[in-house]
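Participant: If you want this note's numbering, it's the 1-based position in the sequence shown plus 475.
The C-beta atom is built at its ideal place from N, Cα and C for all residues, glycine as well.
None of the values given here were measured: they were computed from a predicted structure.
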Amino acid sequence: MFRLLIADDEQFIRKGIISILKKNLTEEIQCIEAANGQEALEKARETALNLIITDISMPGCDGLEFIRQIREENKTIPVVILSGYDNFEYAQRAIRLGVSEYIMKPIKKQEFITLIQEYIDDIRKQKARTIQELNRKMENDRIMERLKHDFLLGLLKCPSSAEAERYLIQLKELGMEFESKLYICAVIEYKVREDNQDYMDFAAKNILDEYLNLEAENERIINVTYDKGQIVTIFEGCNQLSLQESKKKLIRKAASLIKKYCKTEVYAGIGDVAYDFIHLHTSLRHALLAADFKLYGHGDIVMVYDEIEKESVVKAPNLVKYMKPVENINIFHILEEMQKILNQGENKQVINTLKKEYEDIQEYISLQLIRHQTGKDGELSAYTPLARCWDFSEVKRELKERIELLQQSLNKGNQGNTQLSKMILQYVDEHITEELDLNLIADKFNRTPGYISTIFKRHTEGGFNTYLTNERIKIAKKLIGDSSIPIQEISELSGFSNSKYFSVVFKKMTGESPREYRARHIR
Numbered sequence: 476m477f478r479l480l481i482a483d484d485e486q487f488i489r490k491g492i493i494s495i496l497k498k499n500l501t502e503e504i505q506c507i508e509a510a511n512g513q514e515a516l517e518k519a520r521e522t523a524l525n526l527i528i529t530d531i532s533m534p535g536c537d538g539l540e541f542i543r544q545i546r547e548e549n550k551t552i553p554v555v556i557l558s559g560y561d562n563f564e565y566a567q568r569a570i571r572l573g574v575s576e577y578i579m580k581p582i583k584k585q586e587f588i589t590l591i592q593e594y595i596d597d598i599r600k601q602k603a604r605t606i607q608e609l610n611r612k613m614e615n616d617r618i619m620e621r622l623k624h625d626f627l628l629g630l631l632k633c634p635s636s637a638e639a640e641r642y643l644i645q646l647k648e649l650g651m652e653f654e655s656k657l658y659i660c661a662v663i664e665y666k667v668r669e670d671n672q673d674y675m676d677f678a679a680k681n682i683l684d685e686y687l688n689l690e691a692e693n694e695r696i697i698n699v700t701y702d703k704g705q706i707v708t709i710f711e712g713c714n715q716l717s718l719q720e721s722k723k724k725l726i727r728k729a730a731s732l733i734k735k736y737c738k739t740e741v742y743a744g745i746g747d748v749a750y751d752f753i754h755l756h757t758s759l760r761h762a763l764l765a766a767d768f769k770l771y772g773h774g775d776i777v778m779v780y781d782e783i784e785k786e787s788v789v790k791a792p793n794l795v796k797y798m799k800p801v802e803n804i805n806i807f808h809i810l811e812e813m814q815k816i817l818n819q820g821e822n823k824q825v826i827n828t829l830k831k832e833y834e835d836i837q838e839y840i841s842l843q844l845i846r847h848q849t850g851k852d853g854e855l856s857a858y859t860p861l862a863r864c865w866d867f868s869e870v871k872r873e874l875k876e877r878i879e880l881l882q883q884s885l886n887k888g889n890q891g892n893t894q895l896s897k898m899i900l901q902y903v904d905e906h907i908t909e910e911l912d913l914n915l916i917a918d919k920f921n922r923t924p925g926y927i928s929t930i931f932k933r934h935t936e937g938g939f940n941t942y943l944t945n946e947r948i949k950i951a952k953k954l955i956g957d958s959s960i961p962i963q964e965i966s967e968l969s970g971f972s973n974s975k976y977f978s979v980v981f982k983k984m985t986g987e988s989p990r991e992y993r994a995r996h997i998r
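(1) When you compare only the Cα positions, how much space is there between R1004 and L861?
(2) Return helix, strand or coil for F971, following the three-state DSSP convention.
(3) Under 8 Å: do the segment 758 to 768 and the segment 724 to 735 share three or more Cβ pairs, one atom per stretch?
(4) In terms of DSSP beta bridges, what is T828 paired with?
(5) Strictly by DSSP, which residues pair up with L657?
(6) The alpha helix (DSSP H) that contains A766, what's its start and end?
(7) Thinking C-beta only, is S928 closer than 8 Å to F920?
(8) Do I682 and I697 have their C-beta atoms within less than 8 Å of each other?
(9) What are the boundary residues of the alpha helix (DSSP H) that M533 is part of?
(10) Looking only at C-alpha atoms, which of L764, G744, F807 and I806 sits nearest to I776?
(11) How is the beta strand (DSSP E) around R478 delimited, first residue to last?
(12) Going by Cα to Cα distance, which pick from F477, D483, L881 and Q513 is closest to T501?
(13) What do you get for N525, buried or exposed, if any count of 16 or more other CB atoms within 10 angstroms of its CB means buried?
(14) Can you tell which of F971, T908, N693 and I997 has its C-alpha closest to the C-alpha of S959?
(15) Using the rule of at least 16 other Cβ atoms within 10 Å of the residue's Cβ for burial, across every protein chain shown, is D767 buried or exposed?
(16) Just to confirm before moving on: does the CB-CB distance between A730 and C660 stay below 8 Å?
(17) Does S966 pass the burial test, meaning 16 or more other C-beta atoms within 10 Å, or should it be called exposed?
(18) Can you list, in chain order, the residues of its chain with a C-beta nearer than 8 Å to that of T908? Leave out the 5 residues immediately preceding and following it.
(19) Please name the residue, chosen from I816, R668, M798 and K769, that lies closest to K790 on a Cα-to-Cα basis.
(20) Using C-beta distances below 8 Å, list every residue in its chain close to V979, excluding the 5 sequence neighbours before and after it, in chain order.
(21) Where does Q486 sit, in a helix, a strand or coil, going by DSSP?
(22) Taking 8 Å as the CB-CB cut-off, is V777 touching chain B?
(23) Can you name, in chain order, every residue of its own chain whose Cβ lies under 7 Å from the Cβ of V554, other than the five neighbours on each side?
(24) In the DSSP output, which residue or residues are listed as bridge partners for M579?
(25) Candidates N945, C506, L844 and N914: which alpha carbon is nearest D904's?
(26) Please state whether the Cβ-Cβ distance between K666 and E614 is less than 8 Å.
(27) Please state the DSSP three-state secondary structure of C737.
(28) At what residues does the alpha helix (DSSP H) containing N688 begin and finish?
(29) Give me the Cα-Cα distance between I753 and A637, rounded to the nearest whole angstrom.
(30) Between Q612 and K728, what straight-line distance do the alpha-carbon atoms span, to the nearest angstrom?
(31) Quick check on DSSP: helix, strand or coil for A743?
(32) In whole angstroms, give me the CA-to-CA distance for K680 and T700.
(33) Look up A639 in the DSSP assignment and say whether it is helix, strand or coil.
(34) For N822, which residues does DSSP report across the bridge?
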């Protein structure tokens, strides 16, 4: 809706203008009336106007004074002046005040309507351009933020100094420059579900941005959404001791706020100090390792990498060997061995060993699931990484469920294979006298020739060709007993396309030619 201010000390003129405009304009308009310049000024101050139509001569505060004060208040509203005076000085002053039109009374109706319609059209186009420019700016800002986010992630993840330098140059071009200072990474992890991940990521980052930047004391802090349920916080500072001590308190408080307002489990790991931004990936790697200590289930929700116990020799049992054969996996033995690893101490080597054993088992399960054709393209082979388990009971539950899934998959696969084998054997028996080969049957059942061959080796004596020949010779023996059927026809009726080959095979299997067999068995 367009808002117009009609200022004139003559009420009938105001009403006449409003009536003309409402009847003839194509747009919906709201007309606001003012009887003098002072009233017009007050209405202009309290209302967002699109166009002003004002008489030049009004009591108290005339139209030109009203416009002058409007312009002093930095309002750029288009103004159309109505004047009963053909006065050059008035016109000059109006032009200096940026008046859009100077119209002499009496108003020519059609010209006036056309003029106001043109202004409304221009205002609408300007609005559209403004919205378009605003949307373009917002989109550009989104792209810029996305690029900054992606370059920061790349910088955090790359171990190569040359590659890190390239990311720093790209970030500098986007207005994000890093000086040669000390930096430290923290990882804040919070428990998410598939149905609330976007909300949790948004809420957690907002809490971190607001709280940490409020407490930063003019130090720069950067928060980056690293992965689902993970935010990396980068602290910039000059003092190594203050970086580690004060930031631990900040992170503990921030993590507590996320836990309180997002109502979820939270844990944070703080890495060691990086002496420049290029080596920040090392601080991040150590922060991620520190965050894995949530598996121990202690009360504190923050672990600092430098406070972790020194490494010790940890016995690695190579638990994958207990996964074979799949049918006889002892789940409880594997979980017991995993618990033994965890019980060897609270240090980096224990966590790394536990992670390796866990991932080796999960990769083995994934491979077996794919081999048993569970899901398409490994759809069901994805597993929860160790870092996503919030305590050791979750680790055990995840392993137990995946091992059970593998065993169920194997059982279903065996049942399915048994049923398929029966169908294939039945098909061959029903078409035994027709032309058959491994390729034909493989196409029929959407399997490979090798797969069909394996089924016959497993369920018959001698394989596909031997089974085919034996069954056809059995049919031939029955047909030979009927003396009315010529020997040559018997070869065709029993599935042999060549009578000479039939005779050779028959004699090889029975010790007699077809004619000798008939002569001896028919009296």
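Facilitator: Looking at the coordinates:
(1) Since the first residue shown for the chain is 476 and the last is 998, residue 1004 is missing from the structure and cannot be characterised.
(2) On the sequence shown, position 496 is the one that residue 971 refers to. Here F971 carries a coil assignment [DSSP, helix/strand/coil].
(3) No: the two stretches stay apart, fewer than three of their Cβ pairs being nearer than 8 Å.
(4) Position 353 of the sequence shown, counting from 1, holds the residue named residue 828. T828 pairs with nothing; no bridge assigned.
(5) Position 182 of the sequence shown, counted from the first residue, corresponds to residue 657. Its beta-bridge partners are G712.
(6) For this step, residue 766 is matched to residue 291 along the sequence shown. In the DSSP assignment, A766 falls within the unbroken alpha helix (DSSP H) covering L755 to A766.
(7) Locating residue 920 in the sequence shown gives position 445, counting from the first residue. Locating residue 928 in the sequence shown gives position 453, counting from the first residue. Not a contact, by the Cβ cut-off of 8 Å.
(8) Translated into positions along the sequence shown, residue 682 becomes position 207. Translated into positions along the sequence shown, residue 697 becomes position 222. For the 8 Å CB-CB criterion, I682 and I697 do not form a contact.
(9) Here residue 533 is taken as the residue at index 58 of the sequence shown, counted from 1. No alpha helix (DSSP H) contains M533, which DSSP labels as neither H nor E.
(10) As a working note, residue 776 is residue 301 in the sequence shown. Answer by Cα proximity: G744.
(11) Position 3 of the sequence shown, counted from the first residue, corresponds to residue 478. Residues F477 to A482.
(12) Working through the sequence shown from its first residue, we reach residue 501 at position 26. Comparing Cα positions, the closest option is F477.
(13) For the purposes of this step, residue 525 is taken as the residue at position 50 of the sequence shown. The residue in question, N525, is buried, as its Cβ has 16 or more Cβ neighbours within 10 Å.
(14) The residue labelled residue 959 in the question sits at position 484 within the sequence shown. Selected option, being the one with the closest Cα: I997.
(15) The residue you call residue 767 lines up with position 292 of the sequence shown. Around the Cβ of D767, a 10 Å sphere holds 16 or more other Cβ atoms; the residue is buried.
(16) To locate residue 730, count along the sequence shown from 1; it is residue 255. To locate residue 660, count along the sequence shown from 1; it is residue 185. Against a cut-off of 8 Å, the Cβ pair of C660 and A730 comes out as no contact.
(17) Walking along the sequence shown from the start, residue 966 turns up at place 491. Buried, since its Cβ has 16 or more Cβ neighbours within 10 Å.
(18) Along the sequence shown, read from residue 1 onward, the residue named residue 908 stands at position 433. Within the same chain, T908 has close Cβ partners R947, I950, L968, S969 and G970.
(19) The count along the sequence shown starts at 1 and reaches residue 790 at position 315. Considering only I816, R668, M798 and K769, the residue with the shortest C-alpha distance to K790 is I816.
(20) Position 504 of the sequence shown, counted from the start, is the residue given in the question as residue 979. Cβ neighbours of V979 beyond the five flanking positions: none.
(21) Start at 1 with the first residue of the sequence shown, and residue 486 comes out as number 11. Helix, per DSSP.
(22) The structure shown contains no chain B; it holds only a single protein chain.
(23) Residue mapping note: residue 554 aligns to position 79 of the sequence shown, counting from 1. Result list for V554: I527, T529, I542, V574 and S575, in chain order.
(24) One-based indexing of the sequence shown puts residue 579 at position 104. Listed as beta-bridge partners of M579 by DSSP are S558.
(25) Within the sequence shown, residue 904 is the residue found at index 429, counting from 1. If we check each option's Cα against that of D904, N945 comes out closest.
(26) Translated into the one-based positions of the sequence shown, residue 666 becomes position 191. Translated into the one-based positions of the sequence shown, residue 614 becomes position 139. The answer is no: Cβ separation not under 8 Å.
(27) Translated into positions along the sequence shown, residue 737 becomes position 262. If DSSP states are grouped into helix, strand and coil, C737 belongs with the helices.
(28) To locate residue 688, count along the sequence shown from 1; it is residue 213. Its alpha helix (DSSP H) spans residues Q672 to L689.
(29) Taking the first residue of the sequence shown as position 1, residue 753 is located at position 278. Taking the first residue of the sequence shown as position 1, residue 637 is located at position 162. Approximately 9 Å between the Cα atoms of the pair.
(30) Mapped onto the sequence shown, residue 612 falls at position 137. Mapped onto the sequence shown, residue 728 falls at position 253. The identity of residue 612 in the sequence shown is Lys, whereas the question assumes Gln. K612 and K728: Cα-Cα distance of roughly 36 Å.
(31) In the sequence shown, the residue the question calls residue 743 occupies position 268. Residue state, collapsed to three classes: strand.
(32) Within the sequence shown, residue 680 is the residue found at index 205, counting from 1. Within the sequence shown, residue 700 is the residue found at index 225, counting from 1. Here the C-alpha atom of K680 lies approximately 7 Å from the C-alpha atom of T700.
(33) Indexing the sequence shown from 1 puts residue 639 at position 164. The three-state reading of DSSP puts A639 in helix, counting H, G and I together.
(34) The residue you call residue 822 lines up with position 347 of the sequence shown. Answer by DSSP bridge pairing, in chain order: E784.
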